[in-house]
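Heads up: the sequence shown begins at -2 in the working numbering, then just goes up one per residue. Don't be surprised by glycine CBs; every beta carbon is placed ideally from N, CA and C. Here's the structure we're looking at; comments come further down.
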Amino acid sequence: MRRSKLTAGPRRVRLHVGALGLLFLSAAPFAAAHAFQVTPPDAATKAAMEKRTAARTMLSSAIARLASNATDSAALLDAGRASIELEDYRAALGFLTRAEQASPRDGAVKAALGSAMLHLEKPSRALDYFGEAQLLGAPERLFLADRGLARDLLGQQDAAQRDYQLALSIEPSDEVIRRYAISLGITGQADRAIQLLTPQLRTQDRAAWRSRAMILAINGRNDEAAEIVKATMPALLAQSILPYLTQMDRLNPAQQAAAAHFGRFPAGELGPVRKPVQVAAAAPASTPAPSPTSTPGKRRGDRDKPVQVATATPPPATRPTPKPTLKPTPTPTPAPTPAPTPAPTVGQPPAAVPVRRADTPSVPAAKPPAPTPAPAAAQPVGVAVNSGAGPVGPGFSLSDVGQPPAAAAAPPSATTTPAPSAAAPLASLAQIVSSIEIPPEELERTSGAVGADTLAKLVEDKRKADAAEAAKREKEEAAAKAKAEADAKAKEEAAKKKANPSRIWVQVAAGSNQKALAFDFNRFAKKNAALFKGKDGGSTEWGRTRRLLVGPFKDKKAAADWLAQYKKAGGDGFVFTSDAGQEVDLFK
């Protein structure tokens, strides 16, 4: 199961990705430019890097096996799957097409072909392959998640969500949860979608924050989505991307899925703002985390309160311990991070993190806990920040992923946020692309890794060498066979010549029937017994008939003398010399 481009972890940037895709692919350079120290990759990034390393290893192993046997269907399947993991979908299609030719009834090959077609943005063809895989008995776990994404891209969100649920029940996966959450967001279930992402948001997973921003934009909650964009991107790039993001609610479901997963934003005029079409809610997946609840009245009142996350260090003595009955305060969306101050000030709240901790909530020291209100319906993980309520704590930054929350941070000064000015002009796509920097770890190429062009050349060279070797072997076999046949024929002819040397005869008659010729010879011999004494009779082929011969004689003179006597007795004939090897069937 492959990860879609935008809901997956960081990876190599491709310049042909749509402008909307840059929203999520440009966070890493922002972190590198604004972080004061190099932060190690988070767990999700490490897992992605390890997965790519494993894919390279599998690809190298498959190529080595193909060098020995270019039609090894198992090696071709492994090479195709590894190429999908390495995002070389054209190479994957080449390997898998050859695997299909070698094993046309292999359901696993059909499933892998469906995944390759999906990532080439051909969802209809992908569904065809998934259907063939199912008919051939391939396990559904091989293609459930990708079939769900293909259905999302075709606007079949209800069927897609059933596939995601079944995939999660078989093998839980963060990537499938993100796909499921986006599908729920497309159908208007934004709150439930964000609840699904809560565990990943708590671990500061970059892909989860990207998915959350997209879900909010799809549902018209542009202010909240904009907060995430501004907190995770440079200001100029954020201003260039926001016009695309704020039009997500004008796309149809299939277009929203393409934009969310592949960064593909449609060209031309868009329709009016569309309310997400609600579908019947399916049973929740086995992995979603519970979401805290709060009453609408308390939500509005608490919106201005700074939100804190419990840390490993104890809070200041003046901070009251929260009671178990308190509801956790809602979490604001990330805001732009001000410059951090090295030395924290006692009594200042920790940096705000856009995730709520249901198990260890904390409240500001200045306000005592309020009575517990009656339970209300679950609310989304974050709400828009009231800009007029005062300064907002530092927002989420992708450079902070994998780091523990800061003990304290200085509040933004009055001069931190400049007065609003005229909106910056919309940057061109070329400007947006040129502003993106790729982190060194993304560009790092593992030693010993084999590129797609090199792989194709290796396979082609091996194919040509095998073909040349086969032609040479066939030629040698044909020559050996011809020589053996010639030797056998020569041996047979030698045996015939030995059994039938050249001899001299007198032909006295001709006929096509061997028995009739034998009868005539016996009749002639009885009529001229003295002349035929000591002479054999026989026959040999003579075109379409046979010769009746008498002899053999030691030389032509003896044959001529006997013929003269035979003619005097009333017979007729002529001298005939049989060639060496010519068979003469003697009469018994």
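- Burial of L56 is indicated by the presence of at least 16 other C-beta atoms within 10 angstroms of its C-beta.
- Excluding the 5 residues flanking it on each side, D517 has same chain C-beta neighbours closer than 7 Å at A506 and L545, in chain order.
- Of L234, N216 and A235, the smallest CA-CA separation from A254 is found for N216.
- Note on the segment 544 to 573: whole alpha helix (DSSP H) runs with a minimum of 4 residues are 553 to 565, in chain order.
- Going by DSSP, V226 is part of the alpha helix (DSSP H) stretching over N219 to T229.
- Excluding residues up to 5 positions away in sequence, I501 lie with their Cβ nearer than 8 Å to the Cβ of K551 in the same chain.
- In the three-state reduction of the DSSP assignment, E84 falls in the coil class, being assigned neither a helical nor a strand state.
- When rounded, the separation of the alpha-carbon atoms in D463 and V456 is 10 Å.
- Note that the segment 568 to 579 touches the segment 551 to 560; at least 3 beta-carbon pairs, one per stretch, sit closer than 8 Å.
- In its chain, beyond the 5 residues on either side, T68, S70 and L73 have a beta carbon closer than 7 Å to the beta carbon of A99.
- In chain order, R544, L545, L546, G570, F571 and F573 place their CB closer than 7 Å to the CB of Q504, counting only its own chain and leaving out the 5 sequence neighbours on each side.
- The Cβ neighbour count for K227, taken over all protein chains shown within 10 Å, is at least 16; the residue is labelled buried.
- CA-CA distance, A190 to A223, rounds to 18 Å.
- Residue pairing from DSSP places I501 in a beta bridge opposite F550 and T574.
- Judged by DSSP secondary structure, E538 falls within the beta strand (DSSP E) whose first and last residues are D533 to W539.
- When R138, R144, P263 and A156 are compared, the shortest CA-CA separation from I167 is found for R138.
- Between R207 and L198, the C-beta gap is not smaller than 8 Å, which leaves the two residues out of contact.
- Taking G152 as the centre and dropping the five residues before and after it, the same chain places the C-beta of P250 and A251 closer than 6 Å to its C-beta, in chain order.
- Secondary structure note for N519: its alpha helix (DSSP H) is the uninterrupted segment Q511 to K524.
- Relative to E84, the option among E466, V106, R95 and M114 whose CA is nearest is M114.
- With contacts defined by Cβ atoms closer than 8 Å, R247 and L233 do not form a contacting pair.
- DSSP links L583 through a beta bridge to G535.
- In the displayed model, A44 falls within a helix according to three-state DSSP.
- The C-beta of G531 has fewer than 16 other C-beta atoms within 10 Å across all chains shown, which makes the residue exposed.
- As computed with DSSP, A507 is found in a beta bridge with R544.
- In this structure, the CA atom of A496 is about 52 Å from the CA atom of K461.
- For S170, the three-state secondary structure derived from DSSP is coil.
- Residue state for F140 is assigned as coil, using DSSP reduced to three classes.
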